[in-house]
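**Student:**
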Amino acid sequence: MSQPAIRATMNALPRAATRQCLRSMSTASNMAAKRPTTSCLPKSQTQTFQPLLQRRFKFKTVEEAKSRYRSGPFSWKAGMLFLMTGAGLLFYFEQEKERMQRKRVAESTKGVGRPKVGGPFSLIDQNGNTVTDEDLKGRYSLVYFGFTHCPDICPEELDKMARMFDLVEENRPGVLAPVFVTCDPARDGPKELKEYLAEFHPKFIGLTGTYDQIKAMCKAYRVYFSTPTEVKPGQDYLVDHSIYFYLMDPEGDFVEALGRQHSPDQAAKIIVDHMKEWKGPLKTA
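Next up, the structure:
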């Protein structure tokens, strides 16, 4: 090759390299322009990504995320509300259970075929006045059978009866009549009853009468009593009898028998609860 040809070839190489470089840069720019970006994605895909980003950054700080993890799905407020609701339901069901039990006790004595407890009577009180079963109707009455010469049981039970009566009076004044019926009419006249009952409570009503009248009333109330036979005049003796308080409703029907297993507070609560269940009118003394 001649010298002029070689020189022309050398001069053409830089220009060719420059054109090749420019061509490569142009191709790269066109490819970058054609590459899809987030703004070029379909609208549905863009909406799909946004909630993921929002859920990922729900908590502002790491401490908040840790606190949420420790407390779990329940808070202390939810726990307190759960406990209070449970306690309220338990209290309601216990009260309803007691109410239904009182209702069953009261209605069991009025069922067909069952012996009736209580009935008509006509006796004399400690003031010499005639008292019948009609005089006790209109309010509740608490009836106890005993005798004034009883050495220990009757005084204890009358002390208990006085306490029961006072507790009921605090809640429902004048609605309960405390009645003491003697099982020993031979020794317990109006005078003896008045002196004896004054030691326990001024509002106690004492009832006495003939032996046949007392026997008939004890039979009506299903009360057992027994006096010894062949007692000599002036000789002391004891009378065996049932130890129960008979709760009668304002219509003269038997409600419930309260025994020695009931404390005065328990017995008074039972009486007041029965009074709350009564739907009719009540007289007061």
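The C-terminal position of the sequence shown is numbered 424 in the numbering used here, with every residue numbered one higher than the one before it.
Built from N, CA and C at the ideal position, the CB exists for glycine as well.
(1) In whole angstroms, what is the alpha-carbon distance linking C293 and T287?
(2) Since M387 contacts G257 with CB under 8 Å, what's their CB separation in whole angstroms?
(3) Going by DSSP in three states, D291 sits in which element: helix, strand or coil?
(4) On the DSSP letters alone, give me the boundaries of the alpha helix (DSSP H) that L275 sits inside.
(5) Per the DSSP calculation, I382 is bridged to which residue(s)?
(6) Just confirm the distance between the C-beta atoms of L306 and A407, as a whole number of angstroms; I'd bet it's less than 8 Å.
(7) What does the Cβ neighbour count give for L262, buried or exposed, with the cut at 16 atoms within 10 Å?
(8) Would you kindly work out how many angstroms separate the C-alpha atoms of V378 and G227, rounded to a whole number?
(9) If I measure Cβ to Cβ from F339 and keep anything under 6 Å in the same chain, skipping five residues before and after, which residues do I get?
(10) Bridge partners of I344, per DSSP?
(11) Do G285 and V320 have their CB atoms nearer than 9 Å?
(12) DSSP has Y360 in a bridge; who is on the other side?
(13) Starting from L397 and walking both ways along the beta strand (DSSP E), at which residues does that stretch end?
(14) Going along the chain, which residues of its own chain have a beta-carbon closer than 8 Å to the beta-carbon of P329, five neighbours each way excluded?
(15) Pull up the distance between the alpha-carbon of K342 and that of P317, whole angstroms please.
(16) Would you check if the distance between the CB atom of F364 and the CB atom of K255 is smaller than 9 Å?
(17) Between the Cα of I382 and those of C289, A325 and E273, spot the shortest distance and give me the residue it belongs to.
(18) Could you spell out where the alpha helix (DSSP H) holding L336 opens and where it closes?
(19) Suppose the cutoff is 7 Å on Cβ atoms and the five residues either side in sequence are ignored; what does the same chain contact list for P403 look like?
(20) Rounded to the nearest angstrom, what separates L421 and G373 at their Cα positions?
(21) Classify Y360: buried if its beta carbon has 16 or more other beta carbons within 10 angstroms, exposed otherwise.
(22) Please state the DSSP three-state secondary structure of K415.
**Tutor:** Short version:
(1) Roughly 8 Å separates the two Cα atoms.
(2) The beta-carbon distance between M387 and G257, rounded to whole angstroms, is 6 Å. This is short enough to meet the 8 Å contact definition.
(3) Three-state DSSP puts D291 in coil, outside helix and strand.
(4) Segment D272 to L275, the alpha helix (DSSP H) holding L275.
(5) Residue pairing by DSSP leaves I382 without any beta bridge partner.
(6) Right, the Cβ-Cβ distance comes to about 4 Å (below 8 Å), so this counts as a contact.
(7) In summary, L262 is buried, with 16 or more beta-carbon neighbours lying within 10 Å of its beta-carbon over all protein chains present.
(8) Distance between the alpha carbons of V378 and G227 is about 50 Å.
(9) Excluding positions up to five away in sequence, the list reads L297 and A301.
(10) DSSP lists V318 as partners of I344.
(11) Result yes, Cβ atoms of G285 and V320 sit closer than 9 Å.
(12) Per DSSP, Y360 has no beta-bridge partner at all.
(13) Start and end: F393 to L397.
(14) Cβ within range, chain order: I263, D264, Q265, N266, G267, G345 and T347.
(15) Between the alpha carbons of K342 and P317 lies a gap of roughly 7 Å.
(16) Not in contact: F364 and K255 (Cβ atoms no closer than 9 Å).
(17) Comparing Cα-Cα distances from I382 to each of C289, A325 and E273, the minimum goes to C289.
(18) Annotation: the continuous alpha helix (DSSP H) that includes L336 extends over P329 to L336.
(19) Closer than 7 Å at the Cβ level, and outside the excluded window around P403, lie K299, R302, M303 and L306.
(20) If I take the Cα positions, the gap works out to 45 Å.
(21) Counting Cβ neighbours within 10 Å, Y360 comes out buried, since at least 16 surround it.
(22) Of the three classes helix, strand and coil, the one that applies to K415 here is helix, per DSSP.
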